[in-house]
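Take the first sequence: its letter number 14 is residue 14 in the UniProt record's numbering, and every next letter is one higher.
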Amino acid sequence: MRYWLFKSEPSTWSWDDQVAKGDEGEEWDGVRNYQARNMMREMAAGDRGFFYHSQSEKAVVGIVEVIAEAHPDSTTDDPRWDCVDIRAVRPFARPVTLAEIKEEPRLAEMVLVNNTRLSVQPVTEEEWRIVCEMGRTAP
DNA sequence: GCCAACGTTGGC
DNA sequence: GCCAACGTTGGC
């Protein structure tokens with residue numbers, strides 16, 4: 001199993017919106033960036049991801065699961081853009097902020113810290129474990 | 001609200 | 001194929 005991070009502005013699509021979709025989940029659509037799309041094409045059903053709120057909150061707020069592998073993005077006719085479906089698994093007991101992640105030396109190599117503009121990112125197994133611990137949440 | 005970083009577009 | 005101009009994202 002591999003690990004990922006999905007970034008969203010809460011005013012556009014929030015963790016609560018994701019939870020409201022239940023186990024049926026929802027397309028992670030609207031991505032128009034090749035790097036982010038390529039990440040989604042590498043995902044397998046059952047992979048886990050962090051749900052990150054950008055902009056005002058800047059924190060990892062929950063865990064999601066990939067439930068459908070890459071398929072055409074229903075919000076465009078442009079065949080270049082694919083997306084996966086994800087469902088909410090569980091919220092973090094406490095959100096882990098970007099500031100905390102930057103303060104943790106073992107997370108210095110996280111893509112979240114080094115490529116702030118990439119909206120879908122890979123996360124290593126070690127990073128996954130550390131961030132889950134910081135969030136007081138089972139991995 | 002500003003600005004740095006980065007991706008995309010289009011002229012040559 | 002290069003690079004300047006422009007647009008977008010996201011942290012501060």
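Cβ coordinates follow ideal geometry from the N, Cα and C atoms, glycine included.
| field | Which listed residue (His-53, Pro-79 and Met-40) has its alpha carbon closest to that of Ile-67 | value | Indexing the first sequence from 1 puts residue 67 at position 67. Out of His-53, Pro-79 and Met-40, Met-40 has the C-alpha closest to the C-alpha of Ile-67.
| With contact counted as at least three CB pairs below 8 angstroms, one residue from each stretch, are the stretch 18-25 and the stretch 52-59 in contact? | no
| query | Exposed or buried, what is Met-1 when buried is set at 16 or more other beta-carbons lying within 10 Å of its beta-carbon? | reply | Within the first sequence, residue 1 is the residue found at index 1, counting from 1. With fewer than 16 other Cβ atoms within 10 Å, it is exposed.
| query | Taking DSSP as the reference, what is the three-state secondary structure of Asp-17? | reply | For the purposes of this step, residue 17 is taken as the residue at position 17 of the first sequence. It is helical.
| Residue range of the alpha helix (DSSP H) that includes Glu-9 | For this step, residue 9 is matched to residue 9 along the first sequence. Taken as a continuous stretch (DSSP letters only), Glu-9 belongs to no alpha helix (DSSP H), as it is neither H nor E.
| said: Is the separation between the beta-carbon of Val-89 and that of Ile-63 shorter than 8 angstroms? | reply: One-based indexing of the first sequence puts residue 89 at position 89. One-based indexing of the first sequence puts residue 63 at position 63. The answer is yes: Cβ separation under 8 angstroms.
| query | For the beta strand (DSSP E) that contains Gln-121, what are its first and last residues? | reply | Within the first sequence, the letter at position 121 stands for residue 121. Element bounds for Gln-121: 120-123.
| request: With a threshold of 16 other CB atoms inside 10 Å of the CB of Val-113, please say whether the residue is buried or exposed. | output: If you number the first sequence from 1, residue 113 lands on position 113. So Val-113 counts as exposed.
| Excluding sequence positions up to five away, which residues of its chain have a Cβ less than 8 angstroms from the Cβ of Leu-107? | Here residue 107 refers to the residue found at position 107 when the first sequence is read from its first residue. If we look at Leu-107 and ignore the five residues flanking it on each side, its Cβ neighbours are Ile-101, Val-113, Glu-127, Ile-130 and Val-131.
| As assigned by DSSP and simplified to three states, the class of Gly-25 | Position 25 of the first sequence, counted from the start, is the residue given in the question as residue 25. Here Gly-25 sits in coil by DSSP.
| query | Hey, out of Asp-77, Thr-76 and Asp-47, whose CA is closest to Glu-69's CA? | reply | Counting from 1 along the first sequence, the entry for residue 69 is found at position 69. Among Asp-77, Thr-76 and Asp-47, the Cα nearest to that of Glu-69 is on Asp-47.
| field | 6 angstroms Cβ shell around Trp-15 - same chain, five flanking residues per side excluded | value | Along the first sequence, one-based indexing puts residue 15 at 15. Phe-51, Val-61 and Gly-62.
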